């Protein structure tokens with residue numbers, strides 16, 4: 045890493061614990077020069093052309109999984125590398141690449157002994173998930189979770205009521221996962237090499253609904269009860285209406301019949317897990 049562009053999201057979870065200036069200083073101590081900086085979403089993300097013009101070889105992302113997803117999708121096709129640092133709440137992608145290391149330890153390890161790796165992803169048309177997709181009514185809890193982070197109490201209560209009402213709805217049905225025969229309040233799709241790991245949650249009784257909602261808000265909803273696990277190489281939404289979804293935590297609406305398949309990225313990501 046010789047020249048970097050730093051992208052942060054000051055509102056993301058643990059991004060508040062380390063300032064952009066301090067992080068840039070850490071990178072500078074490893075001999076890297078800073079070409080630019082973006083505080084997303086207040087500032088627009090750099091384009092691939094801007095990165096090429098500035099001779100950037102590495103984009104450093106210190107943000108949550110949702111901001112990371114948005115950036116990676118926006119820069120699809122750019123051939124530089126990405127250093128993902130844990131700047132969010134769950135930091136799932138950072139853990140894949142670096143384990144539980146802190147940002148300063150990751151920066152030091154990346155300078156000393158990093159490698160670029162490819163990652164499995166879940167592709168759904170123009171959408172791509174690097175961590176996972178949540179399909180179905182439980183995706184409405186994503187809005188409530190974001191408002192929890194923002195301490196927006198009045199809007200949070202409205203969002204919770206809305207998510208609660210939708211969670212009691214008909215659920216989502218998908219094709220391509222034989223073990224998932226019914227409608228589910230949530231279907232979690234996690235990318236894996238050459239396949240998709242699929243988890244269906246059918247939580248219709250009061251206790252399960254409360255558990256599902258709360259564990260989603262705390263980031264541990266896969267520990268909820270009433271789960272079914274399977275593997276698939278091709279999923280398709282089997283509903284006549286659009287389906288709410290979360291791609292790495294970012295809310296989207298998928299069209300009926302959308303197909304989800306496994307894929308691999310190019311070797312773009314600096315990994316330090318296991319590095320000396």
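Numbering (our numbering), first residue to last: 45 to 320.
Backbone N, C-alpha and C fix where the C-beta goes; we use that ideal spot for every residue, glycine too.
Keep in mind that this is a model prediction, so the values were computed, not measured.
Residue i burial status per 10 Å Cβ neighbour count (16 or more: buried)
i           : result
residue 142 : buried
residue 242 : buried
residue 77  : exposed
residue 130 : buried
residue 63  : exposed
residue 277 : exposed
residue 169 : exposed
residue 215 : buried
residue 121 : exposed
residue 132 : buried
Contact under 8 Å by Cβ, residue i with residue j
i           : j           : result
residue 51  : residue 82  : yes
residue 301 : residue 232 : no
residue 315 : residue 161 : yes
residue 114 : residue 56  : no
residue 109 : residue 246 : no
residue 137 : residue 84  : no
Cα-Cα separation between residue i and residue j, rounded to whole angstroms
i           : j           : result
residue 272 : residue 165 : 21 Å
residue 320 : residue 146 : Per-residue confidence for residue 320 stands at a pLDDT of 38, beneath the threshold of 50, marking its modelled position as unreliable; the derived number appears in the next sentence. Distance between the alpha carbons of residue 320 and residue 146: 15 Å.
residue 139 : residue 48  : 21 Å
residue 46  : residue 99  : 9 Å
residue 157 : residue 87  : 32 Å
residue 66  : residue 229 : 43 Å
residue 75  : residue 126 : 17 Å
residue 309 : residue 150 : 21 Å
residue 274 : residue 135 : 24 Å
residue 118 : residue 171 : 11 Å
residue 20  : residue 183 : Since the first residue shown for the chain is 45 and the last is 320, residue 20 is missing from the structure and cannot be characterised.
residue 222 : residue 244 : 11 Å
residue 312 : residue 97  : 19 Å
residue 304 : residue 318 : 31 Å
residue 227 : residue 284 : 13 Å
Assumed close pair residue i, residue j - CB separation to whole angstroms, cut-off 8 Å
i           : j           : result
residue 279 : residue 287 : With 8 Å as the limit, residue 279 and residue 287 do not qualify as a contact, their Cβ atoms being about 11 Å apart.
residue 289 : residue 179 : 5 Å
Residue(s) in a DSSP beta bridge with residue i
i           : result
residue 291 : 177, 294
residue 228 : 216
residue 233 : 177, 242
residue 273 : 243
residue 128 : 105
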